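Everything on this sheet refers to the single structure shown next.
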Amino acid sequence: MSSDSKRKAPKTQSKPKIGVFKFASCDGCQLSLLDAEDELLGVVGAVEIAYFPEATRTMLKGPYDIGLVEGSVTTHHDAERIQEIRRKCKTLITIGACATAGGIQALRNWKDVDEFVRAVYASPQFISTLKLSTPIAEHVPVDFELRGCPINKYQLIELLTATLVGRKPNIPTYSVCMECKRKAAVCIAVARGVPCLGPVTHAGCGALCPSYDRGCYGCYGPMETPNTASLTSQFRILGQSGDQISRAFRSFNAWAWQFRKASEECERA
Amino acid sequence: MTGRGGRTIKVDTLARVEGEGALYIKMAGNHVADVKLRIYEPPRLFEAFLRGRHFSEAPDITARICGICPIAYQMSAIHAIERALGIQIAPEVRLLRRLFYCGEWIESHALHIYMLHAPDFLGYQDVIEMAKDHRPVVEKALRLKKIGNRLVQLLGGREIHPISAAVGGFHKTPAKSQLRELVSDLEWALEASLETVRWTSTLEFPDFEQDYEFVALRHPQEYPFNEGRLVSNRGLDIDAAEYEDRFAEFHVKHSNALQSVVRGRGSYLVGPLARFNLNFDKLPEVAQKAALEVGLKPPVKNLFRSIVVRAVELVFACAEALRVIAEYEPPAVARVAAPNRRGVGQAITEAPRGILYHRYAIDENGLIVTAKIVPPTSQNQKRIEDDLREYAAQLAAWSLEEATWKCEQAVRCYDPCISCATHFLKVVIERD
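Protein sequences appear in the order of chains R and D. FYI, in our numbering the residues of the first sequence are 1 to 269. FYI, in our numbering the residues of the second sequence are 1001 to 1432.
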């Protein structure tokens, strides 16, 4: 990186080095780190922020102890860049739905991307993009995938802490339903017939949507063992059309295989 | 990067901006031969995949264009769709949307002033380094930011990609008592914002004034958020529906973001400076007084003073939040029904970085036929290049390293949000 020459000599070599890398994304997941207002100064005291362009001009070369990767792979250049980043990071953690499932931009995966580019840009020949938007794990081995669109900042702090001390992070893999039950919230799907993706969606948000009087829209992606077929039938009973159900599975985690399969089955049905 | 006595200012990864971009400036002596703001953030093609989605999904989908200003996307989408459907919202909902926007402005402006831009003025690489010498300042910044985030969280469930805003209103509206709990924090935030105006006004500003066309919303009674006519200091005065007749977007090879111009005129500036210059009379007294006390009165033409103007807008956002909370009564229904209907609607709202335009055409089943989104940073993109053409010429006497940093600082005055603009920064200065 050209800015290396601008950096001052590192004050200490002993702190673990963290790099934050961005691919196709909205920047929201890396912002979560800056949004941890109460924990931020503590975190940056415990680690060395070696590469985090959104926050600093200092850009240190690797290797890094922990690499946090946000975003999905959508260009040839990025497909090569992730290989290089993997080689430089001892532990590689992907953060958010783009990095773990391809993100909302994976909606191109069912369409003609060239037509998409022509629809948005006047000079499509200037644009270089891949046909598919793919998660990081389709390109390199990933040590931990933190779900969510956006991620939960407390889960990120927990994951960083656990990784630094070398223990297993306490990040549950059950569904949003469990979070509703733990809040003693009335089930909006059962009590009011609201179509809710809670039963098949990975926990982490704290059952936010149901607490705000709306059905879960699956922004944390599929839970460990989702029964999407059963939920699909329930949605049909609630009067949802195949198109509607397909769209429900096809949002921020559309390319996660469980949701992908469920959406394609609804299209065929 | 010096060749044949000339030089290139080159920043390969522009730091402390949201998203990915680079800056390339080629100098021939004291003359600037070429300026390119290269936005290489990969295209995500939102306008294409919105087609065929139901209008009710647009606020949640478009929020994902930007993790820094999701509320702006939700607001522009919702207003455009409500216009397409012919929906009238309750006055209480309108007030709550202003409050929601106050939260985003406080959070975003506090982040930019203290964490992204102040380090340039004080000579630090980042806020972490700055915190070692200015810990109380950084702690104050974090608390301010947190108060903005708390407001967003209360109304929208979470800070990033909030889940409560909807076409017709909100999925759930807060109780009066919940908002009242924020009053003491907001009163502290108002004082901290007033200190921020005084503190930013003591920074050193390069002597750099340009003849800008400022473009912002203007409302008869209020400092603008969600409503108003689009006006400029050069006589523009239009409804959102006329936006595409008066502004053109064009595609340059070096950028994945489209550049905007006022048809027949050229580049223009959106954001805090434009809003302040065009709407000073609509600021509450406390914000006007704070500005005048530090010698800030419209028209402010020095781009570098944007940081002080942003602080004045912090004062406004805190005062406005307190006003809304004092007046708030929960609406009878959280959201009015939004039946499927064919129509076309446009809306412009004021994102922290400037105006954000959305247009949707919707069919009889409520599905989106076409969508168009023009984010603030793509509108400022051409103006950033024009500014750098002038500014880099003034930096001939500076070392390449210093000139590069100064150009980066200039770009950061715009608080560019590159993730938005590609639905952008690296700096390169080349000298001959």
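Ideal placement from N, C-alpha and C gives every residue a C-beta, glycine not left out. In this text, all values refer to a predicted model and were calculated from it rather than measured experimentally.
Mind checking which residues open and close the beta strand (DSSP E) that includes residue i?
i	result
Ala50/R	48-51
Ser1260/D	1259-1262
Ile95/R	89-95
Leu146/R	144-146
Lys22/R	17-22
Check whether chain R comes within 8 Å of residue i, counting only Cβ atoms and requiring the distance to be less than that.
i	result
Val1336/D	no
Ala1048/D	yes
Ser1164/D	yes
Phe1424/D	Because the pLDDT of Phe1424/D is 34, which lies under 50, any placement of that residue in the model is unreliable, and the question is left without a value.
Gly1366/D	no
Pro1042/D	yes
Ala1216/D	no
Met1115/D	yes
Ala1290/D	no
Val1127/D	yes
Asn1149/D	yes
Gly1003/D	Note that Gly1003/D has pLDDT 37, beneath the 50 cutoff, so the model's placement of it is unreliable and no number is given.
Asn1380/D	no
Asp1060/D	yes
Leu1400/D	no
Please state whether DSSP places residue i in a helix, a strand or coil.
i	result
Ile82/R	helix
Ala1371/D	strand
Ile1106/D	helix
Met1000/D	Absent from the structure is residue 1000/D, since the part of chain D shown begins at 1001 and ends at 1432.
Pro172/R	coil
Glu265/R	helix
Asp1034/D	strand
Leu160/R	helix
Met178/R	helix
His1054/D	strand
Ala185/R	coil
Cys98/R	helix
Thr1013/D	coil
Thr134/R	strand
Thr1377/D	helix
Lys272/R	As displayed, chain R neither begins before 1 nor continues past 269, which places residue 272/R out of reach and without an answer.
Cys1417/D	strand
Arg260/R	helix
Tyr1391/D	helix
Asn1302/D	strand
Phe1478/D	Only positions 1001 to 1432 of chain D appear in this structure, which leaves residue 1478/D out of reach.
Asp4/R	For Asp4/R, the predicted structure reports a pLDDT of 45, less than 50, and the residue's modelled location is therefore unreliable. A value from the coordinates is still provided. Three-state result, Asp4/R: helix.
State the CB to CB distance for the pair residue i and residue j, rounded to an integer number of angstroms; the pair is presumed to be in contact (CB under 8 Å).
i	j	result
Ser278/R	Ser263/R	In the structure as shown, chain R starts at 1 and stops at 269, and residue 278/R therefore has no counterpart that could be examined.
Leu1144/D	Ala1321/D	Incorrect: roughly 12 Å between the Cβ atoms, too far for contact.
Thr91/R	Asp65/R	7 Å
Thr1349/D	Ser1076/D	5 Å
Lys1140/D	Gln1259/D	Not confirmed; about 37 Å, so no contact.
Ser1193/D	Cys1318/D	5 Å
Glu158/R	Pro169/R	6 Å
Leu1095/D	Glu1327/D	7 Å
Cys149/R	Cys219/R	4 Å
Ile1025/D	Ile1009/D	4 Å
Ala1274/D	Ala1216/D	4 Å
Pro1059/D	Thr1173/D	Contact doesn't hold; Cβ gap of about 16 Å is too wide.
If you measure from the beta carbon of residue i to each beta carbon in chain D, is any gap under 8 Å?
i	result
Ser2/R	Residue confidence is low: Ser2/R scores 41 on pLDDT, short of 50, so the model does not pin down where it sits. Its coordinate-derived value is still stated next. So yes, Ser2/R belongs to the interface.
Asp65/R	no
Arg108/R	yes
Gly62/R	no
Leu208/R	yes
Val69/R	no
Closer than 7 Å to a non-hydrogen atom of the ligand GTP - does that hold for the CB of residue i?
i	result
Ser1177/D	As far as ligands go, the structure on display features none, and thus does not contain the ligand GTP.
So the alpha helix (DSSP H) residue i belongs to, where does it begin and stop?
i	result
Arg1353/D	Note, Arg1353/D: premise wrong, no alpha helix (DSSP H); not H, not E.
Val1286/D	1285-1293
Leu1273/D	1272-1279
Leu197/R	Per DSSP, Leu197/R belongs to no alpha helix (DSSP H) and is neither H nor E.
Lys1406/D	1400-1412
Phe116/R	113-120
Leu1111/D	Here Leu1111/D belongs to no alpha helix (DSSP H), and DSSP marks it neither H nor E.
Quiz item: Can you list the alpha helix (DSSP H) stretches of 4 or more residues lying completely in the region 32-75 of chain R, in chain order?
Solution: 40-46
Quiz prompt | Minimum length 4: unbroken alpha helix (DSSP H) runs contained in the region 1196-1247 of chain D | solution = 1243-1246
Quiz prompt | Length-filtered (4 minimum) alpha helix (DSSP H) runs lying within the region 1118-1155 of chain D | solution = Positions of the alpha helix (DSSP H) runs, each at least 4 residues long and wholly inside the region 1118-1155 of chain D, are given as 1118-1122, 1127-1133 in order along the chain.
Quiz item: Can you list, in chain order, the stretches of the alpha helix (DSSP H) that have 4 or more residues and sit fully within the region 1050-1095 of chain D?
Solution: Within the region 1050-1095 of chain D, the alpha helix (DSSP H) runs of at least 4 residues that lie entirely inside it are, in chain order, 1058-1063, 1070-1085.
Exercise. Only counting runs of 4 or more residues, tell me where the alpha helix (DSSP H) segments fall wholly within the region 192-248 of chain R, in order along the chain.
Key: 208-211, 228-237, all fully within the region 192-248 of chain R.
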